[in-house]
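Protein sequence lines, in the order shown, are assigned to chains A and B.
Under full-length UniProt numbering, the residues of the first sequence are numbered 1 to 497, in order.
Under full-length UniProt numbering, the residues of the second sequence are numbered 1 to 255, in order.
Every residue gets a Cβ at the ideal spot worked out from N, C-alpha and C, and that includes glycine.
Since the model is a prediction, treat every value here as computed from it, not as a measurement.
Reading through the structure tokens given below for one structure.
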Amino acid sequence: MSSYIAAIDQGTTSSRCIVFDQGGSIVSVAQKEHRQIFPRPGWVEHDAEEIWANVLDVVHGALSKLSITVHELAAIGITNQRETTVLWDAETGKPVHNAIVWQDTRTDALVRELGGEQGQDRFREQCGLPLATYFAGPKARWLLDTVPGVRERAERGEVLFGTMDTWLIWKLTGNHVTDVTNASRTMLMNLRTLDWDADLLREFGIPRAMLPEIRSSAEVYGTARGTLSGLPVASALGDQQAALFGQTCFEPGEGKCTYGTGSFLLLNTGEQPVASRNGLLTTVGYKIGDQPARYALEGAIAVTGSLVQWFRDNVELIASAPEIETLARTVSDNGGCYFVPAFAGLFAPHWRSDARGVIAGLTGYITKGHLARAVLEATAWQTREVVDAMNADSGVELTTLKVDGGMTANNLLMQTLSDVLDAPVVRPIIAETTCLGAAYAAGIAVGFWEGTDKLRDNWHKAAEWLPAMESSIRDKGYRKWRKAVARTMDWIDEDDE
Amino acid sequence: MPGLIQSVERAAAILRLLAGPSRRMGVAELAATLGMPKPTVHGILRTLQHVGFVEQHEPTGKYQLGAALFHIGSSYLDGNELRTRALNWSDSLAGRSRESVRIGTLHEGNVLVVHHVFRPDNSRQALEVGALLPAHASALGKALLAANSYATDELLAGELTGYTAATLTEPAALRADLEATASRGWAADLEELVEGEVSLAAAIRDRSGLVVGAIGISGPVERLCDAERVPLAEQVSYVREAARAISRELGAIPW
């Protein structure tokens with residue numbers, strides 16, 4: 001009897017497996033971190049083999065914690081860090097290079113070259129994305145250009161391309177496939193045909209023979225071999241799309257923001273892609289089997305939770321991430337201090353790779369408590385900027401923000417968020433919506449759950465924060481924030497690494 | 001130097017010796033090494049044993065450093081940290097029990113609510129993080145007190161406020177209830193704080209077995225108890241499973 005669904009969350013810092021019961025409640029969790037490899041400033045890599053070993057470990061770990069075998073799982077779903085790119089040998093299964101992580105900025109020059117005179121919006125019409133180091137296409141191109149012999153072998157289909165979903169599905173089942181949401185982050189897929197775009201492949205210099213087949217987000221891609229033998233692998237969704245699915249944002253106009261390393265606000269725009277004029281991305285939200293794809297607008301913020309980690313690891317004013325709230329509560333406001341964490345440039349809605357971080361408004365009055373406040377408020381103000389862009393593009397005013405992710409455990413941040421947005425902020429009963437979304441999609445694919453209506457019944461409010469800030473204070477704070485943002489721009493020069 | 005207390009110095013010397021290479025020493029051995037009379041050493045050891053700083057090794061009768069000593073300086077668990085680590089399991093508990101969930105820690109004779117998950121029925125509810133509950137009249141409080149005799153003694157030194165007819169205001173009655181709580185591993189408040197309301201809770205332990213908080217559910221007596229006003233076994237098991245899962249998350253050995 002299959003009573004559970006498992007989800008693998010292959011994330012930026014760790015891999016996790018969560019097992020859910022029919023009611024969508026978590027019954028088991030296992031997690032394992034992997035190494036972050038920094039060969040040079042701005043470069044970030046992962047060892048794809050280490051990740052694969054960790055994924056197997058956490059799946060078995062989650063099963064053994066619950067004392068069940070793989071036969072009690074109806075299916076397993078996958079959600080993953082998006083855009084991170086790996087190329088591997090089809091014969092031996094060995095990666096030809098470390099995976100290049102989404103945060104990596106090594107393709108900066110390549111991206112400018114690809115933009116040419118038309119600049120970063122050159123391919124926006126076809127793929128919905130601006131040219132940026134963030135996406136998978138330029139990373140694949142860099143590997144083809146840099147690793148000796150790989151281009152020739154890729155043209156013969158002897159070296160394969162994949163984002164982490166593809167890598168894991170290939171390792172699990174032997175099938176070379178990806179889903180529409182992950183493919184929509186490569187800059188190589190046409191948003192309307194949902195297939196690889198011949199023009200884009202030519203412009204990026206990517207051989208089609210190395211690319212996986214693009215499938216829906218919820219269908220059985222194959223059954224696992226090896227120690228998980230017989231287990232249907234039944235969903236794949238980029239982490240943010242999985243969270244949208246897990247928050248049951250199935251109707252146009254419904255959206256969510258996930259607070260993790262970075263933060264991502266996605267809004268379901270229905271069966272048609274909406275072009276952005278305000279620095280948002282147009283992306284695929286999800287596609288269930290044969291049903292039409294649902295599109296989404298996305299606002300990506302590069303540094304939110306990672307700023308707290310930086311504060312912990314590099315500044316060492318706190319011993320653990322949650323302690324930031326304790327430290328921030330030692331003062332009642334930011335003391336006039338603003339922290340814009342443009343560590344690798346600014347993402348939405350600015351998309352400025354020449355920006356770098358700034359702490360503005362420093363005076364002799366500022367204590368570590370004020371800095372902790374400024375760190376938390378940075379996440380709230382960055383969300384505000386994205387929400388403003390979203391409202392302008394979609395023409396719909398956001399009335400409530402659905403949130404999830406680890407940072408929602410921070411009550412002070414959630415209250416600040418509600419204050420600066422002047423809107424209620426609600427957390428659903430399962431903050432792990434990323435895993436839940438992958439589990440839901442896999443469950444629908446194998447008939448464990450009947451359909452999306454059934455899933456909506458599982459969504460419940462676990463907490464709600466209401467705005468309690470005077471508008472004059474909010475307006476002044478936003479004005480100061482924008483002045484601080486302006487001071488981050490134009491920092492990087494030609495001769496910087 | 002005026003005001004130094006000799007017995008404290010002697011106690012410190014004994015602790016230093018026990019932290020040394022031999023680890024486990026008898027009364028005679030300690031007395032000889034320190035040049036102190038055996039009865040004095042024995043008295044100090046008994047006092048240190050009482051506060052948990054030394055333990056007697058059963059088979060040999062020798063003394064060794066106690067678990068409580070290792071907690072000093074490291075035992076404090078930040079409430080925000082506890083909430084973060086408990087987030088998944090408190091959500092799960094709300095999902096399975098269909099009731100609201102609270103996590104609390106002891107704070108000057110009260111329970112400080114550090115985390116609150118709404119009852120999953122989408123009704124209008126307000127976040128109660130930061131609220132204080134009376135320790136003797138809530139399941140969270142009783143789960144915490146049952147593992148903390150010091151806090152219990154302190155609480156019983158004062159007046160126990162009555163909130164309903166069922167509140168335990170007699171010290172003997174509360175002590176008996178805490179003993180029952182400790183032996184069965186979970187606490188119950190049966191309309192002791194609010195008429196018609198019941199709460200159930202279990203203690204959360206860290207790596208060293210120390211109780212760092214408690215997690216519980218609360219709701220109407222009709223939903224949480226049977227006709228005899230006995231808490232439903234299923235609900236109790238959800239609470240205890242959640243407490244165990246969070247304890248595991250904090251590194252406690254599964255029990």
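Own chain residues within Cβ distance below 6 Å of residue i, not counting five before or after
i: Asp396(A); result: Here residue 396(A) turns out to be Val, not Asp, going by the sequence shown. Around Val396(A): Gly253.
i: Val70(A); result: Leu228 and Leu231
i: Ser74(B); result: Its pLDDT being 47, under 50, Ser74(B) is placed unreliably in this model, and the value from its coordinates should be taken loosely. Nothing meets the Cβ criterion.
i: Glu50(A); result: His34
i: Gly219(B); result: Glu99
Proximal residues to residue i (C-beta, below 8 Å), its chain only, five neighbours per side dropped
i: Val111(B); result: Gly104, Thr105, Leu132, Leu133, Pro134, Ala135, Ser138, Leu140, Gly141, Leu144 and Ala214
i: Glu55(B); result: Gln49, Tyr63, Gln64, Leu65, Gly66 and Ala67
i: Leu168(B); result: His136, Ala137, Leu160, Leu174, Asp177 and Glu192
i: Ala374(A); result: Asn334, Cys337, Tyr338, Phe339 and Ile359
i: Arg277(A); result: Ala392 and Asp393
i: Ile95(B); result: A small fix is needed here, since residue 95(B) is Gly in this sequence, not Ile. Here the set comprises Pro120.
Span separating the alpha-carbon of residue i from that of residue j
i: His350(A); j: Gly279(A); result: 6 Å
i: Val420(A); j: Ala484(A); result: 16 Å
i: Ala12(B); j: Pro39(B); result: 17 Å
i: Val59(A); j: Arg151(A); result: 34 Å
i: Gly216(B); j: Trp186(B); result: 9 Å
i: Leu371(A); j: Arg356(A); result: 18 Å
i: Val274(A); j: Thr282(A); result: 6 Å
i: Ala157(B); j: Ala468(A); result: 40 Å
i: Gly77(A); j: Ser217(A); result: 10 Å
i: Asn391(A); j: Leu376(A); result: 23 Å
i: Val241(B); j: Glu99(B); result: A small fix is needed here, since residue 241(B) is Glu in this sequence, not Val. Approximately 15 Å between the Cα atoms of the pair.
i: Glu450(A); j: Pro39(A); result: 47 Å
i: Pro428(A); j: Arg474(A); result: 26 Å
i: Leu18(B); j: Thr33(B); result: 12 Å
i: Pro231(B); j: Glu195(B); result: 16 Å
i: Arg106(A); j: Gln118(A); result: 21 Å
i: Asp199(A); j: Asp290(A); result: 26 Å
Check whether residue i and residue j have beta carbons under 8 Å apart
i: Ala348(A); j: Ala296(A); result: no
i: Val239(B); j: Arg229(B); result: no
i: Ala409(A); j: Thr164(B); result: no
i: Thr223(A); j: Pro232(A); result: yes
i: Leu114(A); j: Ile5(A); result: no
i: Thr173(A); j: Arg225(A); result: yes
i: Glu83(A); j: Ala140(A); result: no
i: Ser90(B); j: His115(B); result: yes
i: Thr163(A); j: Asn268(A); result: no
i: Leu266(A); j: Ala328(A); result: no
i: Thr330(A); j: Gly369(A); result: yes
i: Val426(A); j: Thr452(A); result: no
i: Val159(A); j: Trp88(A); result: yes
i: Gly130(B); j: Val113(B); result: yes
i: residue 267(B); j: Ala202(B); result: Any question about residue 267(B) goes unanswered here, given that chain B covers just 1 to 255.
Any non-hydrogen atom of the ligand NAP within 7 Å of residue i CB
i: Pro292(A); result: Absent from the structure shown: the ligand NAP. Ligands present: none.
Residues of its chain near residue i, where Cβ-Cβ distance is below 7 Å and the 5 sequence neighbours each way are ignored
i: Glu33(A); result: Thr13 and Ser14
i: Pro207(A); result: Ala154 and Glu155
i: Pro130(A); result: Gln120, Asp121, Arg124 and Trp351
i: Ser235(A); result: Gly77, Ile78, Ser217, Ala218, Ala438, Ala441, Ala442 and Ala445
i: Val177(A); result: Thr166, Ile169, Pro212, Glu213, Arg215 and Tyr221
i: Leu201(A); result: Leu188 and Arg208
Three or more beta-carbon pairs under 8 Å between the region 381-399 of chain A and the region 355-366 of chain A, yes or no? Too few Cβ pairs lie closer than 8 Å, so no.
So, does the region 455-469 of chain A touch the region 319-335 of chain A, judging by three or more C-beta pairs under 8 Å? At 8 Å Cβ cutoff, the stretches do not touch.
Do three or more CB pairs link the region 288-308 of chain A to the region 256-269 of chain A at distances below 8 Å? A contact exists between the region 288-308 of chain A and the region 256-269 of chain A.
If you measure beta-carbon to beta-carbon, which residues of the region 415-442 of chain A are closer than 8 Å to chain C? Included in the structure are the protein chains A and B, with no chain C among them.
Given 8 Å as the limit, is there contact between the region 428-440 of chain A and the region 231-247 of chain A, that is, 3 or more CB pairs closer than that? With three or more CB-CB distances shorter than 8 Å, the region 428-440 of chain A counts as touching the region 231-247 of chain A.
What residues in the region 315-344 of chain A have a beta carbon less than 9 Å from any beta carbon of chain B? Cβ contacts with chain B come from Ala319, Ser320, Ala321, Pro322, Glu323, Ile324, Glu325, Thr326 and Arg329.
Scan the region 123-144 of chain B for residues whose Cβ lies nearer than 7 Å to a Cβ of chain A and list them as they occur along the chain. For the region 123-144 of chain B, which is checked against every Cβ of chain A, the residues closer than 7 Å are Leu127 and Val129.
Scan the region 459-475 of chain A for residues whose Cβ lies nearer than 9 Å to a Cβ of chain B and list them as they occur along the chain. Within the region 459-475 of chain A, the residues whose Cβ lies closer than 9 Å to some Cβ of chain B are Trp459, His460, Lys461, Ala462, Ala463, Glu464, Trp465 and Leu466, listed in chain order.
Assess, as a yes-or-no matter, whether the region 93-100 of chain A is touched by the region 182-199 of chain A under the definition of 3 or more beta carbon pairs within less than 8 Å. Taking 8 Å as the limit for Cβ pairs, the verdict is that the region 93-100 of chain A does not touch the region 182-199 of chain A.
Stretch pair the region 484-495 of chain A + the region 17-28 of chain B: three plus CB contacts closer than 8 Å: By the C-beta criterion, the region 484-495 of chain A is judged not to be in contact with the region 17-28 of chain B, since fewer than 3 inter-stretch pairs fall below 8 Å.
Is the region 12-31 of chain A touching the region 443-458 of chain A in the sense that three or more CB pairs, one from each, lie closer than 8 Å? Segments in contact, yes.
Of the residues that make up the region 26-59 of chain A, which ones have a beta carbon closer than 7 Å to any beta carbon in chain B? Hits within the stretch, in order: Ile26 and Val29.
Which residues, in order along the region 76-101 of chain B, keep a beta-carbon less than 7 Å from a beta-carbon of chain A? Flagged, chain order: Asp78, Asn80, Glu81, Arg83, Thr84, Leu87, Asn88, Asp91, Ser92, Ala94, Gly95 and Arg96.
Of all the residues that make up the region 3-25 of chain A, which are near chain B by a beta-carbon distance shorter than 9 Å? Answer in chain order: Ile18, Asp21, Gly23, Gly24 and Ser25.
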